[in-house]
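Protein chains in written order, with this note's numbering: chain H, 1 to 197; chain E, 1001 to 1247.
Beta carbons are placed, not taken as given, at the ideal position from N, Cα and C, and that holds for glycine.
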Amino acid sequence: MEKKERNERLNGRDLINIGVYSAIYFVIVMALAMTGLIPILLILLSSTIAILGGIPFMLFLTKVKKPGMIFIMSTIMGILMFVTGMTWMPIPFAMLTGVLAEITYKAGDYKSLKAAVMTCAVFPLWAIGNYLPLFLQREQYFADRTSYGQDYTDAVMRFTPNWMFIVLVVMTFVCGIIGGMIGKKLLAKHFKKAGIA
Amino acid sequence: MQNILRKRGLLKVEGQKSFLDPRTKLLLIFIEAVIVLATAGGERLVVFKAIFTVLPFLLLVTIRKYKTCLIAGGILLTVMCLEYFVFQNVKGMAEAMLVIVITIVTRFLPAYVTGVFVIQTTKVSEFKAAMEKMHIPDEITIPMCVMFRFFPTVKEENESIRAAMKMRGIGFGGKKASKVVEYRLVPMIACSAKIGEELSAAALTRGLGKSRKRTNICKIGFGICDYLIFVLAAITMIYWILGVIMR
Chain H
1 MEKKERNERL
11 NGRDLINIGV
21 YSAIYFVIVM
31 ALAMTGLIPI
41 LLILLSSTIA
51 ILGGIPFMLF
61 LTKVKKPGMI
71 FIMSTIMGIL
81 MFVTGMTWMP
91 IPFAMLTGVL
101 AEITYKAGDY
111 KSLKAAVMTC
121 AVFPLWAIGN
131 YLPLFLQREQ
141 YFADRTSYGQ
151 DYTDAVMRFT
161 PNWMFIVLVV
171 MTFVCGIIGG
181 MIGKKLLAKH
191 FKKAGIA
Chain E
1001 MQNILRKRGL
1011 LKVEGQKSFL
1021 DPRTKLLLIF
1031 IEAVIVLATA
1041 GGERLVVFKA
1051 IFTVLPFLLL
1061 VTIRKYKTCL
1071 IAGGILLTVM
1081 CLEYFVFQNV
1091 KGMAEAMLVI
1101 VITIVTRFLP
1111 AYVTGVFVIQ
1121 TTKVSEFKAA
1131 MEKMHIPDEI
1141 TIPMCVMFRF
1151 FPTVKEENES
1161 IRAAMKMRGI
1171 GFGGKKASKV
1181 VEYRLVPMIA
1191 CSAKIGEELS
1201 AAALTRGLGK
1211 SRKRTNICKI
1221 GFGICDYLIF
1231 VLAAITMIYW
1241 ILGVIMR
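So this is what it looks like as structure tokens:
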């Protein structure tokens, strides 16, 4: 292994892996997003994504051996959020968190399990990009959503003062660690046995 | 055999261009996302919102998906009737429920129908060719192609696993609801990952792993329908921007 020079460029197999795991991840995200119409769950969305998304993401990380893969997956998530109607803000935000997640996993040299759990905590931060319009363009956000009814607007307003943003980041991070732990456990219990990890 | 397939729209005549360019379809998805899904522009764009709500249904007619079109259109009409006639008269819990139904249907259905149209009519190679013409790097397009190829697979696997687990009494309604995550999610991920590996082996034999530039047999280009949609999109954007400036 030492003699073989490590090829740092992403090849076809890596790109396909990104696609496959992005698809699995996004199906889970969409299933969870359907619960977001209930105000309290809308706020918890990034946390639930962090927990359940941790399972496929942990498995994805076992395939990641080169820089760039996590970043690409994060960017794709941002683009998909744009396509599903969350304004353009998730795209740059997802790229930023993608870089952070990339750095985290790189610190573990792309194989440390501890770093993988930490990456599971950093990666779901992209989901907070969906809330950015809620904080940055508060008035417009609610003006566009008058059809949701006053009760819905009030409920969301009550739960989202500006400091809530920090709380969300911390909460998502913690839930991400939990999700990573669950993922790690399931990895050892199921996926290693099935020969796919 | 070929004729039957062609009639059902399952087989495209070789060399025939689909009636919209993939790039136009991307623009359509973009517009649906901004105008209908994210309801940008608010009241001012209400006419355009109506146009872009109806347009996807017309597109479904052009590819002879009458059944989907009728079902989706029926749902949309019913919900719109509910919005205009019933909504004012209900209060409390019923109102909250109705709001949820109305927002899901009126915002998501047109975008969903557009998605159905685009996925039904775009071959992966066409999508790839369009992305290449727009100079989007492979690092983004290949994963995206794989993803769109993969969504139906994940859905199918999910259905089968749900059926299997239902027999064992594991489901959201059943007694063992707490096991749903482990017994549904894990097999779904495992199956999908396995299929993904096979898929990547298949793709590599077709030369995806080579760093050399790949060729593409799909011919894509703009026709009159494409330009019509461009004009419509441009008018929408100009009208919207004017509204922002005037304010």
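Against chain E, the CB of R13 of chain H has a partner CB under 7 Å away; the residue lies at that interface.
For the pair P1137 of chain E and C1081 of chain E, the Cα-to-Cα distance works out to about 46 Å. If you check each beta-carbon in the stretch 1155-1169 of chain E against every beta-carbon of chain H, none falls closer than 7 Å. Residues of the stretch 1130-1141 of chain E whose Cβ lies closer than 8 Å to any Cβ of chain H, in chain order: D1138, E1139, I1140. Within the stretch 162-195 of chain H, the residues whose Cβ lies closer than 8 Å to any Cβ of chain E are, in chain order, L186, H190, F191, A194. One Cα belongs to T153 of chain H, the other to I1161 of chain E, and the distance between them is close to 38 Å. Ranked by Cα distance from R1214 of chain E, the options E:R1149, E:M1093, E:E1132 are led by E:E1132.
Chain E has a Cβ within less than 7 Å of the Cβ of P56 of chain H. Sequence-distant partners of K1025 of chain E (beyond 5 residues in either direction) whose C-beta falls short of 7 Å from its own C-beta, in its chain, are V1118, T1122. Under the three-state reduction of DSSP output, A1190 of chain E falls in the helix class.
Below the 7 Å Cβ cutoff, chain H contributes V83 as neighbours of I1029 of chain E, in chain order. Pairing M73 of chain H with K63 of chain H, the inter-Cα distance amounts to about 13 Å.
The Cβ atoms of L136 of chain H and T160 of chain H lie no closer than 7 Å to each other.
In the pairwise beta carbon analysis, the stretch 1057-1074 of chain E is classified as not touching the stretch 1084-1098 of chain E: fewer than three pairs are separated by under 8 Å. The beta carbons of V1113 of chain E and A1050 of chain E sit no closer together than 7 Å. Scanning E:F1052, E:R1044, E:L1045, E:K1179 for the CA closest to the CA of I1229 of chain E turns up E:F1052. Close CB contacts of F82 of chain H within its chain, under the 8 Å cut and outside five residues either way in sequence, are with W88, P90, I91 (chain order). If the five residues before and after S1192 of chain E are omitted, its C-beta is found closer than 8 Å to the C-beta atoms of F1150, T1153, V1154, E1157, all from its own chain and listed in chain order.
Closer than 8 Å at the C-beta level to chain H, one finds no residue of the stretch 1046-1062 of chain E. Not a single C-beta of chain E is nearer than 7 Å to the C-beta of T119 of chain H. Interface flag for G129 of chain H against chain E is unset, since no Cβ pair is found closer than 7 Å. Rounded to whole angstroms, the gap between the alpha carbons of I1241 of chain E and A127 of chain H is 29 Å. Under the DSSP assignment, F26 of chain H falls in the alpha helix (DSSP H) whose first and last residues are 12-33.
In its chain, beyond the 5 residues on either side, G78, W126, I128, G129, L132 have a beta carbon closer than 8 Å to the beta carbon of F93 of chain H. The three-state secondary structure of D1021 of chain E, taken from DSSP, is coil. Counting only runs of 4 or more residues that sit fully inside the stretch 65-137 of chain H, the alpha helix (DSSP H) segments are 69-83, 90-107, 113-122, 132-136, in chain order. Around A115 of chain H, the same chain offers T104, Y105, A107, G108 as residues with beta carbons nearer than 7 Å, after the five sequence neighbours per side are excluded. Residues of chain H with a Cβ closer than 7 Å to the Cβ of I1189 of chain E are, in chain order, I24, I55, P56, L59. Using a Cβ distance threshold of 7 Å, A50 of chain H and G176 of chain H count as a contacting pair. Contacts with chain H (Cβ-Cβ distance below 9 Å) from the stretch 1184-1208 of chain E involve L1185, V1186, P1187, M1188, I1189, A1190, S1192, A1193, K1194, I1195, G1196, E1197, L1199, S1200, A1201, A1203, L1204, G1207, L1208, listed in chain order. In chain order, P67, I70, F71 place their CB closer than 7 Å to the CB of E102 of chain H, counting only its own chain and leaving out the 5 sequence neighbours on each side.
No Cβ of chain E is located within less than 7 Å of the beta carbon of I91 of chain H.
Using a Cβ-Cβ cut-off of 7 Å, T35 of chain H does not count as an interface residue toward chain E, since no Cβ of chain E sits closer than that to its own. When only Cα atoms are considered, A31 of chain H and L1185 of chain E end up about 12 Å apart.
Contacts between P1143 of chain E and chain H, judged by CB atoms closer than 7 Å, involve L15, I18, G19, S22, I72, I76 in chain order.
Going by C-alpha positions, L41 of chain H is about 15 Å away from F165 of chain H.
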